[in-house]
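As structure tokens, the structure follows; a few thoughts come after it.
Listed below in structure tokens is the structure:
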């Protein structure tokens with residue numbers, strides 16, 4: 008159950024295999040299934056940079072924001088989060104998906120983020 012009148016973000020939680028192909032960019036869509044048409048939301052898709060902008064989590068997984076939405080008054084019901092390939096038909100490989108997290112925008116994962124040194 009989502010809290011009413013709250014800004015939420017959806018995060019893809021994933022790892023990349025040692026060898027990846029075609030995973031630089033993808034499109035993401037977040038929508039209320041009962042209120043928003045899939046065709047219309049595809050025209051407003053966000054571009055996600057999987058290989059270059061993920062955040063490392065303390066549990067060994069990475070995350071990237073797929074998009075955000077607001078639970079306006081009366082807009083409850085199922086929320087759909089999708090990751091779509093771009094129009095290119097190139098081979099895609101090496102993406103290992105843990106799941107998708109929904110949490111209030113601006114909050115961090117319940118998993119403590121590790122301090123990384125490069």
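Numbering (this note's numbering), first residue to last: 8 to 125. Glycine residues also receive a C-beta, built at the ideal position from the N, C-alpha and C atoms. For clarity, every value in this text was computed on a predicted model and none was experimentally measured.
**OP:** Using a threshold of 7 angstroms, state whether the C-beta atoms of residue 74 and residue 35 are closer than that.
**Re:** As a working mapping, residue 74 is identified with position 67 in the chain shown. As a working mapping, residue 35 is identified with position 28 in the chain shown. Yes.
Subject >> Inter-residue Cα distance where the pair is residue 22 and residue 108 >> reply: Indexing the chain shown from 1 puts residue 22 at position 15. Indexing the chain shown from 1 puts residue 108 at position 101. For residue 22 and residue 108, the distance between alpha carbons rounds to 15 angstroms.
Subject >> Whole-angstrom C-beta distance between residue 16 and residue 110, which should lie under 8 angstroms >> reply: Within the chain shown, residue 110 is the residue found at index 103, counting from 1. Within the chain shown, residue 16 is the residue found at index 9, counting from 1. Rounded, the Cβ-Cβ distance is 7 angstroms, consistent with contact.
Original post:
Quick one: is residue 41 near chain D, going by C-beta distance under 7 angstroms?
Top reply: In the displayed structure, chain D is absent; only one protein chain is listed.
**OP:** Below 8 angstroms CB to CB, which residues in the same chain sit around residue 61 once its five sequence neighbours on both sides are set aside?
**Re:** Reading the chain shown from its first residue, position 54 is the one you call residue 61. Excluding positions up to five away in sequence, the list reads 21, 69, 70, 71.
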